[in-house]
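The number in the working numbering is simply the position in the sequence shown, starting from 1, with 1 added. Quick reminder that beta carbons are idealized off the backbone N, C-alpha and C, glycines included.
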Amino acid sequence: MSVAKPIILKIGGSVITDKNGELAARTEVINRLAEETQKAGVKNLIIVHGGGSFGHPTAQKYGIKEGLKDDAQKVGFAETHHVMTVLNGLVMDALVWHSIPAFSIAPSCCLVTENGRIKICEDTILETLLNMGFVPVLYGDAVLDEKLGFTVLSGDQIVSYLARKFGAAEIVIGVDTDGLYDADPKVAKNAKLYTHLTVSELEKVKSTLGGSTAADVTGGMLGKISELVPAVEQGIPVTMVNASKPNRVYKALIGEKVEGTFIEKA
Ligand code: IP8
């Protein structure tokens, strides 16, 4: 079975939740993004969203990323997956009520990692849904791991993996800044936005990026970029836009010029 080149849209957890809170969804933002997605009317679309203040605090509390070391963590593994299904339910609500044929796929039920990297991918259902015109929706999740017992799988790793597997036409990353900067724009006033980067420039830029914060178990902007590099190297362009600002995701999805960072192979 083969799939017409899909577009993969990643919606950051810091866009759809308030990372300063706990289980704090931004339902009005989720609704606006559903409206923009509906308006864009992309034919072959896969959506992946992050964990924000749902997945990350719970995963951190129980040390889920580091793997199973103690039986007491098992309830934390269950809880991390559960809170992600709650956030996913809110995203699904918005998408379906905007008449998008969105269909939720739990990554923990079709992906298994080895030392944190995707090793097994049962993609028959995802591929069939895509071929039938559905919009598969996945998310960062607590997943089983062949070496660690379990771990946390980031939405960004899922995006990069699926993009390469299905030869995606494009990846659109919705974040809560205007794109990729040479310093953290929330701290450094003079931070400069990169509007266009090749993959070799991106490799150099990586050293200036921030890693994980207390509330982010999957590596922050540096983790995000590191995941995307192999997809860009395979020729899949990435457009990073501010999904907290209206119409940026819409414009990126329909291929209109938009403020953000455009990353391509060369
Ligand atoms: O926000 C992490 O996904 P991400 C999901 O895409 C969990 O890194 C469970 C923390």
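query: My guess is that Thr240 and Ala253 are in contact by the Cβ rule of under 8 Å, so how many angstroms apart are they, rounded?
result: Start at 1 with the first residue of the sequence shown, and residue 240 comes out as number 239. Start at 1 with the first residue of the sequence shown, and residue 253 comes out as number 252. For Thr240 against Ala253, the beta-carbon gap comes to about 5 Å, under 8 Å, which counts as contact.
- prompt: Can you pull the DSSP bridge partners for His50?
  reply: Along the sequence shown, one-based indexing puts residue 50 at 49. DSSP lists Ile12 and Tyr140 as partners of His50.
task: Report the three-state DSSP secondary structure of Thr152 (helix, strand or coil).
output: Counting from one through the sequence shown, the residue named residue 152 turns up at place 151. In this structure, Thr152 counts as strand in the three-state DSSP scheme.
Which listed residue (Asp185, Pro7 and His50) has its alpha carbon closest to that of Met133: If you number the sequence shown from 1, residue 133 lands on position 132. Here the closest residue by C-alpha is Pro7.
query: Just how far apart, CA to CA, sit Arg33 and Val113?
result: For the purposes of this step, residue 33 is taken as residue 32 along the sequence shown, with counting starting at 1. For the purposes of this step, residue 113 is taken as residue 112 along the sequence shown, with counting starting at 1. When rounded, the separation of the alpha-carbon atoms in Arg33 and Val113 is 32 Å.
message: Looking at the secondary structure, which residues open and close the alpha helix (DSSP H) in which Phe78 lies?
response: Taking the first residue of the sequence shown as position 1, residue 78 is located at position 77. Membership of Phe78 in the alpha helix (DSSP H) is indicated by the continuous run Lys75 to Trp98.
message: If you measure from each CB to the nearest heavy atom of the ligand IP8 and keep those under 6 Å, what residues do you get, in chain order?
response: Chain-ordered list of matching residues: Gly14, Gly51, Gly52, Gly56, His57, Ala60, Thr81, Met85, Gly141, Asp142, Ala143, Val153, Ser155, Gly156, Asp157, Val218 and Thr219.
- request: Tell me where the alpha helix (DSSP H) around Ser208 begins and ends.
  value: Locating residue 208 in the sequence shown gives position 207, where the first residue counts as 1. Ser208 -> no alpha helix (DSSP H), and no H or E assigned at all.
- request: Put Thr114 into one of helix, strand or coil per three-state DSSP.
  value: What you label residue 114 is simply residue 113 of the sequence shown in a count that begins at 1. Thr114: strand per DSSP, three-state reduction.
task: Determine the extent of the beta strand (DSSP E) in which Glu285 is found, giving its start and end residues.
output: Shown here, the chain extends from 2 to 267; a query on residue 285 therefore has no answer.
- prompt: Are the CB atoms of Val16 and Gly180 nearer to each other than 8 Å?
  reply: Taking the first residue of the sequence shown as 1, we reach residue 16 at position 15. Taking the first residue of the sequence shown as 1, we reach residue 180 at position 179. Between Val16 and Gly180, the gap from beta carbon to beta carbon reaches 8 Å or more.
query: When the Cα atoms are used, what is the spatial distance from Val233 to Ala164?
result: Sequence index remark: in the sequence shown, residue 233 carries index 232 (1-based). Sequence index remark: in the sequence shown, residue 164 carries index 163 (1-based). One C-alpha to the other measures close to 10 Å.
query: What three-state label does DSSP hand Lys246 in the structure shown?
result: Here residue 246 refers to the residue found at position 245 of the sequence shown. The three-state reading of DSSP puts Lys246 in coil, since its state is none of H, G, I, E or B.
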